[in-house]
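Same order as they appear, the protein sequences are chains A and B.
Residues 0 to 325 in numbering that gives the first Met the number 0 are what the first sequence spells out, letter by letter.
Residues 0 to 252 in numbering that gives the first Met the number 0 are what the second sequence spells out, letter by letter.
A short worksheet on the structure shown next.
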Amino acid sequence: MTTSRAEPGDPPSGLPELDSVWRWPLEVGGVRLLTPVMAASGTFGFGTEVPLCDRRALGGMVCKGIFLTPRTGAPPPRIVETPSGMLNAIGLQGPGVETLIRDYAPLWATWEFPVLVNLNGETVEEYAELAARLDGVPGIAGLEVNISCPNVRRGGMLFGHDPQPAAAVTAAVRARTRLPVWVKLTPATGDIAAVARACEEAGADALCAVNTFLGMAFDAETGRPRLGFGTGGLSGPAIRPLAVYLAHRVAQAVRIPVIGIGGITCAEDALEFLLAGCRAVQVGTATFVDPNAIGRVVEGLRRRRLPPGHLSSIDACSRQDASSQR
Amino acid sequence: MHDLLAPLVSRRQVARGSFVLGFEAGPIAREVRAGQFVNLLLRPGPLLRRPFSVYRAEGEVVELVLKAVGEGTHRLLELHEGDRVSLLGPLGRGFTLDPSAGQVTLVSGGLGVAPMPLAARQARAMGLRVCWVHGAPTAADLCTEWEGDEVRWATEDGSFGTRGTALDAMPESPGQVLACGPLPMLSALAQRRPAAQVAVETVMGCGTGVCLGCAIPLASGGYDRACTEGPVYRADSIAWERLPAPTCRRGEA
Numbered sequence: 000m001t002t003s004r005a006e007p008g009d010p011p012s013g014l015p016e017l018d019s020v021w022r023w024p025l026e027v028g029g030v031r032l033l034t035p036v037m038a039a040s041g042t043f044g045f046g047t048e049v050p051l052c053d054r055r056a057l058g059g060m061v062c063k064g065i066f067l068t069p070r071t072g073a074p075p076p077r078i079v080e081t082p083s084g085m086l087n088a089i090g091l092q093g094p095g096v097e098t099l100i101r102d103y104a105p106l107w108a109t110w111e112f113p114v115l116v117n118l119n120g121e122t123v124e125e126y127a128e129l130a131a132r133l134d135g136v137p138g139i140a141g142l143e144v145n146i147s148c149p150n151v152r153r154g155g156m157l158f159g160h161d162p163q164p165a166a167a168v169t170a171a172v173r174a175r176t177r178l179p180v181w182v183k184l185t186p187a188t189g190d191i192a193a194v195a196r197a198c199e200e201a202g203a204d205a206l207c208a209v210n211t212f213l214g215m216a217f218d219a220e221t222g223r224p225r226l227g228f229g230t231g232g233l234s235g236p237a238i239r240p241l242a243v244y245l246a247h248r249v250a251q252a253v254r255i256p257v258i259g260i261g262g263i264t265c266a267e268d269a270l271e272f273l274l275a276g277c278r279a280v281q282v283g284t285a286t287f288v289d290p291n292a293i294g295r296v297v298e299g300l301r302r303r304r305l306p307p308g309h310l311s312s313i314d315a316c317s318r319q320d321a322s323s324q325r
Numbered sequence: 000m001h002d003l004l005a006p007l008v009s010r011r012q013v014a015r016g017s018f019v020l021g022f023e024a025g026p027i028a029r030e031v032r033a034g035q036f037v038n039l040l041l042r043p044g045p046l047l048r049r050p051f052s053v054y055r056a057e058g059e060v061v062e063l064v065l066k067a068v069g070e071g072t073h074r075l076l077e078l079h080e081g082d083r084v085s086l087l088g089p090l091g092r093g094f095t096l097d098p099s100a101g102q103v104t105l106v107s108g109g110l111g112v113a114p115m116p117l118a119a120r121q122a123r124a125m126g127l128r129v130c131w132v133h134g135a136p137t138a139a140d141l142c143t144e145w146e147g148d149e150v151r152w153a154t155e156d157g158s159f160g161t162r163g164t165a166l167d168a169m170p171e172s173p174g175q176v177l178a179c180g181p182l183p184m185l186s187a188l189a190q191r192r193p194a195a196q197v198a199v200e201t202v203m204g205c206g207t208g209v210c211l212g213c214a215i216p217l218a219s220g221g222y223d224r225a226c227t228e229g230p231v232y233r234a235d236s237i238a239w240e241r242l243p244a245p246t247c248r249r250g251e252a
């Protein structure tokens, strides 16, 4: 393939515009996304708290993780900055599902972009009960089952370590809702491909890879952990290569779409996940730094052209390996 | 709320190791109220923004006071005039001044001077008499700038003014009390003056209310967000025993 000399900063010519390959809106796991870039759970609140964000860029949003009942969250300090990242232990502070249904869902029903609810529970039955309560509520486009939160004492990430409990939660949610069911995976597992396949077989419509990495920081002055909860979840650019790898493993392992998450701050980062086999991405920590991070990522993607061979590499990631590994 | 690329326009030293930096950010300067803050982003620099109370706002310029305690603050002090940072603000809820109070006493410990010049100006504009009480470890650490009708100083080593903290130099009839400074000073103030308004410093993420990282434990139970419901609180509404002092690893602030 020959390419002509481009202006400095220009992508190589002779390649298709991303837009022409990637038609927006797009259908991912039963949800119609307006762009391939979504707001990740816990980084966009209930969609009313982020100012200065270009909301037309939002492909969709996953709301702050919700439990059946209100939770006060973890004691401070709740965040610690680390090199190129942050540890957080917020502890899923939130108002409980009834408040969500009463105060937020009616608002979401009037919004252009789809809103998914991030589901949390300490038992399989709690997840199932939440799914049942949210089924048929206008304004909710889907469920993201969180079997990967590291900041709760019971449930959460514990369900995501192994294929069997992951499948049990997925199947229980699937049985109680007609909504699309996405499952958000934890990196804290020996074989993320096995967990991914188990969730797919249990009825998941899409998988989100990945949640934060379990981490810890000590204060040398006091000798104590620097987070009130002790441990926390690491996010931000520090985890991006780890997350790209795991998202790639997941995309290789399943036929359902994968949504990539982990340290995305710009279009180039998002493209990495897309090349790794993901159909869409979620932006999280970057929104804390730049409220319009998603707007910038989408604007950057619009202006990008794909590198040579992109179609085959995406196909390779998401289809060929899936069938060869099965 | 604005997100502005703001050039550095001025810099001066106000105490040992403490500097006031002025940034051109007209829309923020025009809106900000005493006790509100901006969340500052430096690129290249640390991942997260850093919150700073607004020290003064005049014309197009927003002033912040800071001390070199770590990499981020050292880098800020190395900026040249014209270098730009991103300022997000004004953020949070500031002090509420009561025009019928007659007098307001500003109590600041160390870098707790940050919100006070703005508070003094707002109070005087409302016809309030302003007494500013400022404390620091030693005379060299006292802020050289003050505003108001009266100023009182305190140093822990007794090298200037009253020996002790700013609390020890407060007038007997302070009127309305606004305070900012180290947590031990603020929690001691809460015992003596439960109705005082205190501006608390805490670790902060987004500054806009979404990350829930800046949790302040409330006396009534649960938490709220320093960046949104705060950073100014009625002193007795905070569960001080559950509020840890903000710390940073050496070289990382």
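Think of the CB as a built atom: it goes at the ideal place given N, C-alpha and C, for glycine as much as any other residue.
Values in this document were obtained by computation on a predicted structure and should not be read as measured data.
Query raised in the report: By the 10 Å Cβ neighbour count, where 16 or more other Cβ atoms means buried, how is B:W4 classified, buried or exposed?
Result: Stepping through the second sequence from its first residue, residue 4 of chain B is reached at position 5. Going by the sequence as given, residue 4 of chain B is Leu instead of Trp. In the assembly as shown, B:L4 is an exposed residue. Its beta-carbon has fewer than 16 other beta-carbons within 10 Å.
Query - Beta-carbon neighbours of A:G294, restricted to chain B and to distances below 9 Å - result: Position 295 of the first sequence, counted from the first residue, corresponds to residue 294 of chain A. At a beta-carbon threshold of 9 Å, none of the residues of chain B lie near A:G294; the nearest stands roughly 11 Å away.
Query raised in the report: Would you say B:L242 reaches chain A, if we count a Cβ-Cβ gap shorter than 8 Å as a contact?
Result: Start at 1 with the first residue of the second sequence, and residue 242 of chain B comes out as number 243. Yes, contact with chain A.
Query raised in the report: How many Å lie between A:V20 and A:E26 at the Cα?
Result: Here residue 20 of chain A is taken as the residue at index 21 of the first sequence, counted from 1. Here residue 26 of chain A is taken as the residue at index 27 of the first sequence, counted from 1. Model confidence at A:V20 stands at a pLDDT of 47, short of 50, so the residue's coordinates are unreliable and nothing is read from them.
Query raised in the report: Taking A:A170 as the reference, which of A:L142, A:A246, A:I191 has the closest Cα?
Result: Against the first sequence, residue 170 of chain A aligns to sequence position 171. Its Cα nearest to that of A:A170, the residue A:L142 stands out among A:L142, A:A246, A:I191.
Query raised in the report: B:W131 and B:A189: beta carbons closer than 8 Å?
Result: For the purposes of this step, residue 131 of chain B is taken as the residue at position 132 of the second sequence. For the purposes of this step, residue 189 of chain B is taken as the residue at position 190 of the second sequence. No. Outside cutoff.
Query raised in the report: Would you call B:S219 buried or exposed, if buried means 16 or more other Cβ atoms sit within 10 Å of its Cβ?
Result: Position 220 of the second sequence, counted from the first residue, corresponds to residue 219 of chain B. Flag for B:S219 reads exposed.
Report task. Starting from B:F159, follow the beta strand (DSSP E) in both directions and report where the run begins and ends. Result -> Taking the first residue of the second sequence as 1, we reach residue 159 of chain B at position 160. Where B:F159 is concerned, there is no enclosing beta strand (DSSP E), given that its DSSP letter is neither H nor E.
Report task. Report yes or no: do the segment 186-194 of chain A and the segment 95-111 of chain A share at least 3 C-beta pairs separated by less than 8 Å? Result -> No contact exists between the segment 186-194 of chain A and the segment 95-111 of chain A.
Query raised in the report: Bridge partners of B:C130, per DSSP?
Result: For the purposes of this step, residue 130 of chain B is taken as residue 131 along the second sequence, with counting starting at 1. Paired residue(s): B:T104, B:E149.
Requested in this report: Quick one: grab the DSSP three-state call for A:V20.
Outcome: Counting from one through the first sequence, the residue named residue 20 of chain A turns up at place 21. Any reading at A:V20 must be qualified, since the residue scores a pLDDT of 47, below 50, and its modelled position is unreliable; no value is offered.
Query raised in the report: Does any C-beta atom of chain B lie closer than 8 Å to the C-beta of A:M85?
Result: Counting from 1 along the first sequence, the entry for residue 85 of chain A is found at position 86. So, interface residue.
**Report entry** Interface flag, A:I78 vs chain B, CB-CB below 8 Å
**Finding:** Mapped onto the first sequence, residue 78 of chain A falls at position 79. Closer than 8 Å to the CB of A:I78 there is at least one CB belonging to chain B.
Query raised in the report: Using a Cβ cut-off of 7 Å, which residues of the segment 25-53 of chain A contact any Cβ in chain B, in chain order?
Result: Within the segment 25-53 of chain A, the qualifying residues are T42, F43, G44, E48, V49, P50, L51.
Query raised in the report: For A:V282 and chain E, any beta-carbon pair shorter than 8 Å?
Result: Any reference to chain E falls outside this structure, whose protein chains are A and B.
**Report entry** Among A:R177, A:A219, A:S40, A:G41, the one whose alpha carbon lies nearest that of A:G29
**Finding:** As a first step, residue 29 of chain A must be located in the first sequence, where it is residue number 30. Residue nearest to A:G29 within the set A:R177, A:A219, A:S40, A:G41 is A:R177 (criterion: CA-CA distance).
**Report entry** Contact set for A:G58: own chain, Cβ-Cβ below 7 Å, skip 5 residues either direction
**Finding:** Residue numbering aside, residue 58 of chain A sits at position 59 when the first sequence is read from its first letter. Correct list, in chain order: L32, L33, T34, P35, V36, M37, F112, A279.
Query raised in the report: In whole angstroms, what separates the C-alpha of A:T2 from that of B:G21?
Result: Start at 1 with the first residue of the first sequence, and residue 2 of chain A comes out as number 3. Start at 1 with the first residue of the second sequence, and residue 21 of chain B comes out as number 22. Caution is warranted here: a pLDDT of 38 is assigned to A:T2, below 50, making its placement in the model unreliable, and the coordinate value is therefore given only provisionally. Answer to the nearest angstrom: the Cα atoms are 49 Å apart.
Query raised in the report: Quick one: Cα of A:P94 to Cα of A:I65, how far?
Result: Counting from one through the first sequence, the residue named residue 94 of chain A turns up at place 95. Counting from one through the first sequence, the residue named residue 65 of chain A turns up at place 66. Straight-line measurement puts the Cα of A:I65 at about 7 Å from the Cα of A:P94.
Query raised in the report: Taking the C-alpha atoms as reference points, what is the distance between A:A140 and B:G91?
Result: Here residue 140 of chain A is taken as the residue at index 141 of the first sequence, counted from 1. Here residue 91 of chain B is taken as the residue at index 92 of the second sequence, counted from 1. Taking the straight line joining both Cα atoms gives about 33 Å.
Query raised in the report: Between which two residues does the beta strand (DSSP E) containing B:D2 stretch?
Result: Taking the second sequence and counting its residues from 1, one reaches residue 2 of chain B at position 3. Its beta strand (DSSP E) spans residues 1-14.
Query raised in the report: Listing by chain order, which chain A residues have their CB less than 7 Å from the CB of B:V202?
Result: What you label residue 202 of chain B is simply residue 203 of the second sequence in a count that begins at 1. Residues of chain A with a Cβ closer than 7 Å to the Cβ of B:V202 are, in chain order, P76, I78.
Query raised in the report: Would you call the CB atoms of B:V209 and A:G227 closer than 8 Å?
Result: For the purposes of this step, residue 209 of chain B is taken as the residue at position 210 of the second sequence. For the purposes of this step, residue 227 of chain A is taken as the residue at position 228 of the first sequence. Taking the C-beta atoms as reference points, A:G227 is found no nearer than 8 Å to B:V209.
Query raised in the report: Within 8 Å (strictly less), CB to CB, does B:L4 reach chain A?
Result: Along the second sequence, read from residue 1 onward, the residue named residue 4 of chain B stands at position 5. For B:L4, the nearest beta carbon of chain A is not closer than 8 Å to its own beta carbon.
Requested in this report: Measure the beta-carbon distance from A:L184 to A:V209 and round it to whole angstroms, keeping in mind my assumption that it falls under 8 Å.
Outcome: Translated into the one-based positions of the first sequence, residue 184 of chain A becomes position 185. Translated into the one-based positions of the first sequence, residue 209 of chain A becomes position 210. Rounded to whole angstroms, the Cβ separation of A:L184 and A:V209 is 5 Å, and the two are in contact under 8 Å.
Query raised in the report: Would you say A:N150 and A:N119 are within 8 Å of each other, going by their C-beta atoms?
Result: As a first step, residue 150 of chain A is located in the first sequence; it is residue number 151 there, counting from the start. As a first step, residue 119 of chain A is located in the first sequence; it is residue number 120 there, counting from the start. No.
Requested in this report: Measure the C-alpha to C-alpha separation of B:D223 and A:T98 and round it to an integer number of angstroms.
Outcome: Position 224 of the second sequence holds residue 223 of chain B. Position 99 of the first sequence holds residue 98 of chain A. Distance between the alpha carbons of B:D223 and A:T98: 17 Å.
Query - Partners in chain B for A:G64, counting only beta-carbon separations shorter than 8 Å - result: To locate residue 64 of chain A, count along the first sequence from 1; it is residue 65. Annotation: A:G64 has no Cβ neighbours in chain B at a cutoff of 8 Å; minimum Cβ distance is about 11 Å.
Query raised in the report: Which whole-angstrom value describes the C-beta separation of B:T207 and A:P290, a residue pair presumed to lie in contact below a C-beta threshold of 8 Å?
Result: As a position in the second sequence, residue 207 of chain B is number 208, starting the count at 1. As a position in the first sequence, residue 290 of chain A is number 291, starting the count at 1. About 6 Å separates the beta carbons of B:T207 and A:P290, which is inside the 8 Å limit, making them a contact pair.
**Report entry** Straight-line gap, B:E171 to A:A104 (C-alpha atoms, nearest Å)
**Finding:** As a first step, residue 171 of chain B must be located in the second sequence, where it is residue number 172. As a first step, residue 104 of chain A must be located in the first sequence, where it is residue number 105. B:E171 and A:A104 have their alpha carbons spaced roughly 53 Å apart.
**Report entry** Integer Cβ distance of B:C205 from A:F287, believed to fall under 8 Å
**Finding:** In the second sequence, residue 205 of chain B corresponds to position 206, counting from 1. In the first sequence, residue 287 of chain A corresponds to position 288, counting from 1. Contact between B:C205 and A:F287 holds, since their C-beta atoms are separated by about 4 Å, short of 8 Å.
Query raised in the report: Would a check of beta-carbon distances place A:G222 closer than 8 Å to chain B?
Result: Residue numbering aside, residue 222 of chain A sits at position 223 when the first sequence is read from its first letter. Judged by the 8 Å Cβ criterion, A:G222 is not in contact with chain B.
**Report entry** Alpha-carbon to alpha-carbon, B:A138 and A:G90
**Finding:** The residue you call residue 90 of chain A lines up with position 91 of the first sequence. The residue you call residue 138 of chain B lines up with position 139 of the second sequence. The straight-line gap from Cα to Cα measures roughly 43 Å.
Query raised in the report: Okay, do the segment 293-305 of chain A and the segment 251-269 of chain A touch, 3+ Cβ pairs below 8 Å being the bar?
Result: In this structure the segment 293-305 of chain A touches the segment 251-269 of chain A; the number of beta carbon pairs closer than 8 Å is three or more.
Query raised in the report: Should the segment 41-51 of chain B be called in touch with the segment 96-107 of chain B, which here means at least 3 C-beta pairs below 8 Å?
Result: Too few Cβ pairs lie closer than 8 Å, so no.
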